[in-house]
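Going by the working numbering, the first residue of the sequence shown is number 4, and it counts up by one from there. Have a look at the structure below, then the notes.
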Amino acid sequence: MKKHIAVLFGGMSSEHEVSCVSAACVIDNMDKSKYDVSKIGISKDGIWFLFEGDTDSMRSLAWSGETDKLRPAVISPCSVHHGFMVLDKPNKKYDIVRVDAVFPVLHGRNGEDGTMQGLLQIAGIPYVGCETYSSAVCMDKISTKLLCERENIPTVPFTYARNTSDFDINALVCEVEELFPYPVFVKPANAGSSVGITKATDRASLIKGIVAAFAFDRKVLIEKAVKGREIEVAVLGGDNPIVSVCGEIDPNSEFYDYDTKYVTDTAEYFIPARISPSQNGRIRQTALKVFKTLDCSGLARIDFFACEDGGFYLNEINTIPGFTPISMYSRLMENAGYSYSALIDKLIMLAIEK
């Protein structure tokens, strides 16, 4: 008997476009002999729809304008429903559609940060990926670092601040200059895909970067610039997860920002990474430790900087990483023996088992 899977996509975050493309890839590669699929799209203004059009419209971002293919729909928080409610306009009533699991392909805020996971938890619907607590902690770069430091996991040296009523930007700038030489990186604590991140090379650009980061979040993280190869590790599973080999990204730009990832496409990818077997092994072991420390399940992509002296630092963790067939997570899992379709199967199976 086929499983009915609802794929969530879009959303109100700055990564709306990436989510639509990733979700289209997931839907196209789901085995239709195993799954019936409902496409639940969330517009940029937060309006939910059952989208009955094709995935090409999702990729082109035209889906939200195809009003004849949209029906108002929402996940029901009632555990008896175990699915979503869709408006039957002619009869002015909502029908209940039961699903076996939800695949949330929602990057960034209100999708990757525990909010959607909390709704699905209340609804009693199995879902792909990390649970509420883990999603929230991993989304918050500062919380991730503080928890990992307690487990002696090497993280990039940092400081942070909150945008409170008594916040003093000059005091923060002085603190940063005492701690680190320029350049430094300024990041919103809770924004994904390098959104809102700037590289500060002097006091003026540091102030500008702090102001820019606060436009995305009430907390700002400031990190020492670390010279090293950009390494990514894919982790898949539950209690005994699979850890991929290390992959490497050479951004061929100032740093691996949003434009490099999704617009200019200048980056080069290397699997395995161009590091020693010893460094590869230690980073993989640390990725597993991070996964368990942050109580992850399902999937995560964990990013590091590998230094020339053999050392390394944790950069960040993504619980809903980019998920097209050419995304680094998918490439690393293919290297581990999982085709893209098999990876989707495995994630759905893990969700239902959990």
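Ideal Cβ placement from N, Cα and C applies to all residues, glycine included. Small disclaimer: the values here were computed from a predicted structure and weren't measured.
| Asked | Found |
| --- | --- |
| Residue range of the beta strand (DSSP E) that includes N243 | Element bounds for N243: n/a, residue is neither H nor E. |
| Endpoints, the beta strand (DSSP E) within which A303 is located | G301 to A309 |
| Close Cβ partners of D262 (< 6 Å) along its chain, the five nearest in sequence each way excluded | No answer about D262 holds up, because its pLDDT of 46 lies below 50 and its placement is not dependable. |
| As assigned by DSSP and simplified to three states, the class of E251 | strand |
| Between the CA atoms of T118 and D57 - distance to the nearest angstrom | 27 Å |
| V223 - partner residues in DSSP beta bridges | A164 and P191 |
| Limits of the alpha helix (DSSP H) - the one that E152 falls within | K144 to R153 |
| Test item: CB-CB of V89 and V100 under 8 Å | yes |
| Anticipated Cβ contact below 8 Å, V198 with F219, distance rounded | 6 Å |
| Residues of its chain near R232, where Cβ-Cβ distance is below 6 Å and the 5 sequence neighbours each way are ignored | E251 and A309 |
| Helix, strand or coil at P80 according to DSSP, with G and I counted as helix | coil |
| CA-to-CA distance, A27 to R62, given in whole angstroms | 6 Å |
| Presumed contact (8 Å Cβ cut-off) between I8 and F106, rounded CB distance | 6 Å |
| Buried or exposed (CB count within 10 angstroms, at least 16 for buried), S342 | exposed |
| Close Cβ partners of K5 (< 7 Å) along its chain, the five nearest in sequence each way excluded | K37, Y38 and D39 |
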